[in-house]
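What follows is a single structure, written as structure tokens, with notes after it.
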Amino acid sequence: MYITKASATNFRLLKDNKSTVALNENTTIIVGRNNSGKTSFIEIFYKFFSGKDSFRFEDFSIDVMKEFENALELYKSYKECHEKCEIKEDTEKFREKFVSIIPKISLKIHIDYTVKDNISVLRPFFLDLNPDNYEVIILMEYAVKEPEKLYKDILTSGKTTLDYLSKNHRKYFEISLSSIKLDDKGKIIDQAKVSKNDIGSIFSTKYIYAQRELDDQSNSKCHNLSKLFESYFKNHSAESSDITEDLSNLLDNYNDEIGKQYKIIFKEYLDKLKIFGYPGLRDRELKLKSELSAENILRGSTKLYYQQNSQMDLPEAYNGLGFSNLIYIICQILSFYAEFQEENSKFQVLFIEEPEAHLHPQMQYSFIKNVQKFINENKWPIQIVITTHSSHIVAESDFELIRYFDISKGNHVEVKNLAEFKIENDTNRETQKFLSQYLSLTCSELFFADKIILVEGITEKLLLPLMIDKFDEHNQKNLNSQYISMFEVGGAYAYKFKELLKFINVKTLIITDFDSVFLNNSRWKACQVKTGTKTSNKTLKEWLPKKETKDELLNCSENEKIDQNIKVVYQIPEEAGFDCGRSLEEALILKNPEIFINHKSSFLSLEDNLDDYSTEQEIKESAYEIASKVTNKTDFSLDLIMIGSDKWHTPKYIQDGLTWIEQ
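Quick note on our numbering: the sequence shown kicks off at 8 and runs consecutively.
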């Protein structure tokens, strides 16, 4: 038995059915850029299951606020019809229209079960006797209970609809719980009320939030790890009754001894009380007793220490937040597992928000792997939902576990299930396997980026940050402050990212090479662009601009280089009639011939290969030959960095690309 999917509606960025999150039986990883609704998915569960009146008016999606105002106008029409219309059906139609438009926050939870599960707990949720149905659907709603009263009060208040609701919505809205049946179009065709206890008998929810108060200051008053161990004793002392009884007997002996000491210590003080006529009537005596109990003595008196190298015991404050954070999460998980062992008739859902806080990369890798291992080894029926910004956690996770929250289309989230990600004509799944391996090794952070730049090689990777700085300074832009992830993929492989980039819908710039070739003795060989006939670059041929010949590429329009929010740029002439570079190295030489004359000695990567050139024109005419002598592109890039970015200019094709992605 487990939750297969959950659909949130009208809650913050989770607006409609596109916000449906399919959950794996064990672990689901939720990723996405900042403020994309990841925490909101956890919060809607917490608000419905917490038992508190915790919904705020601001929790309603921004896009539905107007509907509250529209409902007021419909209420006025309904009220007028109610007073004047003689036909009851007309009045009822007005009412239905008015009530149906009032927004409500909802959460639909789909649960699959088998005949091996404890079906007795599901009885309140059965709406038919279909033996082939192995799903129950729970609907939780935060909705208005008396719509007429609400809008009558809004009218009489003299306030605007939104202002009145923001201060008074709790008086009119309530949480309702029901089991529902849907038709093929997702419309409710049957419904029955259920209780919170009914739901609680099936599963429970637990939460570990990113804001974890951990003791990293020696004078801190909150020793939260220590409190976890106190809580563990309190919750599980019944299981260890023999040990608890031994501890209680020991404390009883101490209570007797402490009582004797109290009598001595407080004798003088109690005698003085009698001077004032106390204890008074009936000769009552005051007596102080010690009542140490196992629970009380642990409360506030248990402190966690770390023993390092069998030397001195160090308090928890002396260990870094990363270590404390990891211990905290593990202790919480173990505590939830202990609860399951007590109540093994139901499964659990654990939400963990950003477990990577304060953890170095190796800890992040290990965390997700060890959590999954613990669940599998203990056959623990728990679903763990993790929201994260950690590329390391994503790298350790299979594609099938990842849900991407796409916020690119405005004030609502579209959830992309990577388990459903398919590539056309990828019959052997070779491209899918390549992407999965590549993301694990290199660029899983693309799931968190606002924008992406794919580059050809190491020269672009090293010099592009400087080019972006120059672009910002020259154009008074702030491209550098945008969250842009850059990945080195090469022209031979960039095209393999086509479907994935479209799937996650992130604005992407591809910076690649012209890679001109000509036919020589039945073999295609690299050459200058002006002597070549076509490109060997698969990205240019098979993706964007999907052209192959030299003339097609040189005459390609800017629109032909764009596919939705993806653009490719490659070398073009700096001016009409000028030569075009084949690579970034050649393009830099053509754009900046003067530095190869004025700073010859600084180009250690070219050794003595510049000695034969004395004019800028000679450098331009031999740009291809000079670039071909760059055997170490890293050294070439470092030479340009050492010379100083203020001494050279960015090639036009990259400048055009930066202008596009900045917008």
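We put the beta carbon where it would ideally sit given N, CA and C, even for glycine.
This structure is a prediction, so every number in the text was calculated from the model and none was measured.
Best match in the options for proximity to residue i [C-alpha to C-alpha]
i    : options                   : result
S404 : A426, T212, I389 and H419 : A426
S398 : V422, N435 and E452       : E452
F455 : E549, V38, I518 and E275  : V38
S113 : P154, I187, N566 and G417 : I187
F32  : N639, D476, W387 and H481 : Checking the displayed sequence, the identity of residue 32 turns out to be Glu instead of Phe. The residue with the shortest Cα to Cα distance from E32 is W387.
I10  : S84, G539 and I144        : I144
F116 : G44, F132 and E463        : Note on identity: in this sequence residue 116 is Ile, with Phe being the wrong assignment. Residue F132 is the option with its Cα nearest to I116.
E549 : K568, N562, D558 and G539 : K568
L673 : G58, L162, W531 and L136  : Outside the displayed span of the chain (8 to 670) sits residue 673, for which this structure offers no information.
N42  : N418, K296 and K353       : N418
S331 : E363, S183 and W655       : E363
S488 : K503, P472, A499 and P580 : P472
A402 : V422, F428, E421 and M370 : M370
F75  : E96, F48, S107 and R19    : S107
Y216 : F406, T46, G165 and D586  : T46
K192 : R102, L526, V122 and N24  : N24
F406 : E581, I414 and Q439       : Q439
A29  : K111, A13, A499 and S629  : A13
G329 : M319, F374 and E349       : F374
Cβ-Cβ distance between residue i and residue j below 8 Å
i    : j    : result
S547 : L665 : Reading off the sequence, residue 547 comes out as Leu, not Ser. The answer is no: Cβ separation not under 8 Å.
E185 : L146 : A quick correction: the sequence has Ser, not Glu, at residue 185. A contact, by the Cβ cut-off of 8 Å.
Y53  : Y214 : yes
I109 : I393 : no
D520 : L591 : yes
L341 : I389 : no
F56  : L81  : no
I460 : I668 : yes
L507 : L442 : yes
Y120 : Y141 : yes
S609 : I650 : yes
F180 : K159 : no
L21  : G44  : yes
K541 : V524 : yes
D139 : M8   : no
R589 : D522 : yes
I626 : I579 : no
K353 : S202 : no
S379 : T168 : The question names Ser, but residue 379 in the sequence shown is Gln. Their beta carbons are not under 8 Å apart, which means Q379 does not touch T168 by this criterion.
D476 : S629 : no
Through-space distance from residue j to residue i, alpha-carbon basis
i    : j    : result
S68  : L560 : 46 Å
A594 : F64  : 57 Å
A634 : I400 : 40 Å
E148 : T16  : 9 Å
I209 : L129 : 7 Å
E252 : E298 : 15 Å
P658 : K598 : 6 Å
M474 : L551 : 23 Å
E480 : K376 : 44 Å
P154 : S26  : 27 Å
S300 : D263 : 13 Å
L470 : I602 : 16 Å
H367 : D70  : 39 Å
Y411 : C450 : 15 Å
I94  : I126 : 48 Å
Q483 : T434 : 48 Å
E463 : H176 : 56 Å
I336 : I206 : 26 Å
S183 : Y445 : 46 Å
K73  : K86  : 20 Å
S529 : H396 : 50 Å
L295 : Y269 : 6 Å
I465 : N527 : 29 Å
G497 : I51  : 42 Å
N77  : S164 : 17 Å
C563 : A501 : 19 Å
D570 : I382 : 43 Å
Proximity test, residue i beta-carbon vs the ligand COA heavy atom, cut-off 7 Å
i    : result
D479 : Here there are no bound small molecules, and the ligand COA is not part of this structure.
Cutoff 8 Å: residue i Cβ touching any chain C Cβ
i    : result
T519 : Considering every chain present, this structure includes no chain C. It has just one protein chain.
- Query: Can you list the alpha helix (DSSP H) stretches of 4 or more residues lying completely in the region 476-524, in chain order?
  - Reply: 505-511
- Query: Would the region 523-535 and the region 487-496 be scored as touching if the rule is three or more Cβ pairs under 8 Å?
  - Reply: no
- Check whether the region 640-649 touches the region 569-579, taking contact to mean three or more Cβ pairs, one atom from each stretch, closer than 8 Å. no
- Task: Kindly provide the ranges of any beta strand (DSSP E) runs that are 3 or more residues long and lie completely inside the region 564-648, ordered along the chain.
- Result: Runs found: 573-576.
- Mind pulling the alpha helix (DSSP H) runs of 4 or more residues that sit fully within the region 8-59? List check, alpha helix (DSSP H) in window: 45-56.
- Query: For the region 378-453, which segments carrying the alpha helix (DSSP H) assignment without a break, of at least 4 residues, lie completely within its bounds, in sequence order?
  - Reply: 398-402 and 437-445
- Mind listing, in chain order, the continuous alpha helix (DSSP H) runs of no fewer than 4 residues lying wholly within the region 112-150? none
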